[in-house]
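Residue numbers (mature numbering (1 follows the signal peptide of the UniProt record, and there is no 0)): -20 to -1, 1 to 165. In what follows, a structure is listed as structure tokens, so that the remarks can point back to it.
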Amino acid sequence: MFRTFLVLVVLLLNVTNAGAQTKDSVSVETSIWGVQTGLLGFWAHNESKLTRTIALRTELGFDAAFYGSNNKFNYILAPILHVEPRWYRNLDRRSRKGKNTANNSADFLSLRSFFVPDLFLISNDDVRINSTLGMTFNGGMRRVYWDHFSFELGLGAGFAADLEETYGNSVYFFPEIFFRLGYNF
């Protein structure tokens, strides 16, 4: 009886151990929802898995701007939509080194498309913006701490186009630097 019990325990341990070894590589998360804020704005986002290392990030929020005129401090909040495929390039290396990869905590390269519509503005001044469409190539890092708090830092450049062409030169160079703190649900 004891021998049968021992054989069953050994078989059970082998089966559970074999199941643990079937995962051969780390992958991006299936879906992540969150909110972020940065120096100039706040956004809500979703990252959905496309492949093992690529996620599609969609983001809706407000970009902010500040300026002074006539001894007055003015602000603008404009709605913005981002669509961005991200390639998380070092997930496997971080996993091998025992570093955190939860919630897509890795370095990334991305091609960010953005659209700023001329629907409405939140401002303390009577200003108007033109609808803008653009695309930037970015490199950055995303780190997640305590399972929910995220930190992103990145740099990129691309082009943007004024869709209303009120000034003659409607396409221009667009540098991008971002620093964001957020919470993942």
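For every residue, glycine included, the Cβ atom is placed at its ideal position computed from N, Cα and C.
Straight-line gap, residue i to residue j (C-alpha atoms, nearest Å)
i    : j    : result
N50  : D105 : 11 Å
F158 : T17  : 10 Å
P155 : I12  : 27 Å
D87  : V8   : 12 Å
F153 : M121 : 23 Å
T31  : E64  : 14 Å
L89  : W126 : 24 Å
T10  : P97  : 30 Å
F78  : I60  : At residue 78 the sequence reads Gly, which differs from the Phe that was named. Cα-Cα distance, rounded: 37 Å.
F46  : V124 : 30 Å
E27  : F53  : 36 Å
K29  : N149 : 38 Å
L19  : F165 : 22 Å
R76  : Y55  : 46 Å
N80  : H62  : 26 Å
T48  : S130 : Here residue 48 turns out to be Gly, not Thr, going by the sequence shown. Distance between the alpha carbons of G48 and S130: 32 Å.
Beta-carbon separation (whole angstroms), residue i vs residue j, contact threshold 8 Å
i    : j    : result
G134 : F117 : The Cβ separation is near 11 Å, so there is no contact.
G21  : G41  : 6 Å
Beta-carbon spacing of residue i, residue j below 8 Å
i    : j    : result
A82  : T112 : no
I109 : L57  : no
W67  : T38  : no
F94  : G114 : yes
A35  : N84  : yes
R92  : E132 : no
Classification of residue i by the beta-carbon crowding that lies within 10 angstroms, buried from 16 upward
i    : result
Y163 : exposed
V151 : exposed
V107 : exposed
N24  : The amino acid occupying residue 24 in the given sequence is Ala; Asn does not appear at that position. With fewer than 16 other Cβ atoms within 10 Å, it is exposed.
S5   : exposed
E144 : exposed
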